[in-house]
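Written out below as structure tokens is the structure these notes cover.
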Amino acid sequence: MKAHWLAGGFLIAVVVLGTAAANLWMRGGKEAARLAEIERSSCLPPVADTSAPHAGMVWVPEGTFTMGDTYYPEEKPLREVRVEGFWMDRTEVTNAEFAAFVAATGYVTVAERAVDTAAHPGLPAYMQEPGAVVFVMPNDVGGTGDISQWWQYVPGANWRQPGGPGTSIENRQQFPVTAIAYEDAQAYAAWKGRALPGEAQWEWAARAADPDAPATRDQPREANTWQGIFPIINEADDGFVGIAPVGCFKPNALGLYDMIGNLWEWTADKYEGAPGSRVIKGGSWLCAPSYCLRYRPGARQPQEADLATTHLGFRTVASGTGP
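One rule links them: number in this note's numbering = place in the sequence shown (from 1) + 21.
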């Protein structure tokens with residue numbers, strides 16, 4: 022009798038939890054759909070005078086700090102690093118800025134070119150077509166170990182149509198550009214007479230040049246990250262279902278926007294132990310407390326240099342003297 026009671030209680034609990042999860046999924050889905058319909062197309066006015074020296078950039082003063090973190094193994098060891106002062110873009114490079122570069126140079130991004138099958142033998146036929154990796158929200162997942170449940174290589178996806186054929190960046194000029202491979206980011210930076218930040222530069226800037234910045238584990242309020250159960254329930258409490266336009270959240274103490282969340286960002290540093298990969302920093306809108314707790318300055322992970330994805334962007338830096 023007791024065993025039957027326990028079994029019955031277990032079934033009731035499963036039904037209750039299942040119903041609660043379904044209600045949460047429906048509520049979150051409806052709210053996400055509502056927010057998508059009223060999504061802002063811009064938050065921060067574009068730079069008025071682009072001809073001014075270091076227009077749209079912020080000065081990051083020199084300093085020494087303890088680089089790294091201890092949450093994930095790849096963030097160790099903690100080490101003391103000194104960084105010279107430099108200028109950094111106040112936001113991630115936008116679609117409008119990248120479009121200006123393409124219009125001036127005729128540049129074709131990696132995601133728009135023929136795939137080098139000699140460098141990547143054994144690819145399935147659909148991955149031999151030009152394209153990029155796109156996040157597709159699943160209805161259900163069997164654990165979070167298999168990222169192919171929500172990441173898909175989509176032929177035809179690129180910076181102009183980041184979701185694949187049929188999508189566009191129309192009315193999204195002030196959104197950060199995505200589907201950008203490392204080579205593309207380098208080319209843009211060179212055109213501007215700048216460079217991509219080194220990992221230490223990026224982390225120092227994300228810490229607002231404060232050597233005593235706390236290594237918090239809390240999900241940031243002033244950043245575009247994932248609220249809900251990743252990757253199936255997106256409650257969008259921060260007001261954005263996906264990527265946000267640049268500058269929608271408060272800047273850090275230096276005046277830099279979106280150093281944490283929204284998009285991962287390329288750095289110039291190679292990722293040790295992962296040939297062909299570079300270090301990316303900052304986390305993205307897909308980072309949640311339950312998965313990818315990398316919305317911290319010290320967080321890092323590798324990214325294949327020739328693979329374009331839609332959760333990754335960049336900003337540039339320039340040397341010089343401070344204001």
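Where is the CB? At the ideal position from N, CA and C, for every residue including glycine.
Measuring CB to CB, does residue i end up less than 9 Å from residue j?
i	j	result
M109	Q222	yes
D259	R238	no
G152	V175	yes
P218	T85	no
R111	G268	yes
A326	A178	no
A236	A274	no
P183	V155	yes
S62	Q149	no
W212	A309	no
D205	W225	no
T130	A329	yes
Which first and last residues belong to the alpha helix (DSSP H) in which residue i is found?
i	result
E220	E220 to A227
E204	Y203 to W212
V175	First-last for V175: W172 to P176, but that is the beta strand (DSSP E), not the alpha helix (DSSP H).
Tell me which residues share the same chain as residue i and place their Cβ nearer than 8 Å to its Cβ, disregarding the 5 neighbours each side in the sequence.
i	result
R284	Note that residue 284 corresponds to Leu in the displayed sequence, not to Arg. Same-chain partners within the cutoff: E113, P197, T199, I264, G303, S305, W306, H332, L333 and G334.
V157	W171, W172 and Q173
P159	Q170, W171, P252 and I253
R100	T87, M88 and G89
R351	Only positions 22 to 344 of the chain appear in this structure, which leaves residue 351 out of reach.
Under a three-way DSSP split, which group does residue i fall into?
i	result
R158	Before going further, note that residue 158 is Met rather than Arg in the sequence given. If DSSP states are grouped into helix, strand and coil, M158 belongs with coil.
E325	strand
Y312	strand
E150	coil
S189	coil
P94	helix
I253	coil
V300	strand
Answer with buried or exposed for residue i, where buried requires no fewer than 16 other C-beta atoms within 10 angstroms of its C-beta.
i	result
S340	exposed
P296	exposed
G214	exposed
R336	buried
G319	buried
E286	buried
A125	exposed
Hey, could you find the ends of the beta strand (DSSP E) residue i is sitting in?
i	result
V79	M78 to V81
E286	W285 to K291
T85	G84 to M88
F107	F107 to D110
May I ask you to check if the CB of residue i is nearer than 8 Å to at least one heavy atom of the ligand NAD?
i	result
R61	In the structure shown, the ligand NAD is absent, as is every other ligand, since no ligand is present at all.
Excluding the five sequence neighbours on either side, which residues of its own chain have a C-beta within less than 7 Å of the C-beta of residue i, listed in chain order?
i	result
K97	G89 and T91
A208	Y128
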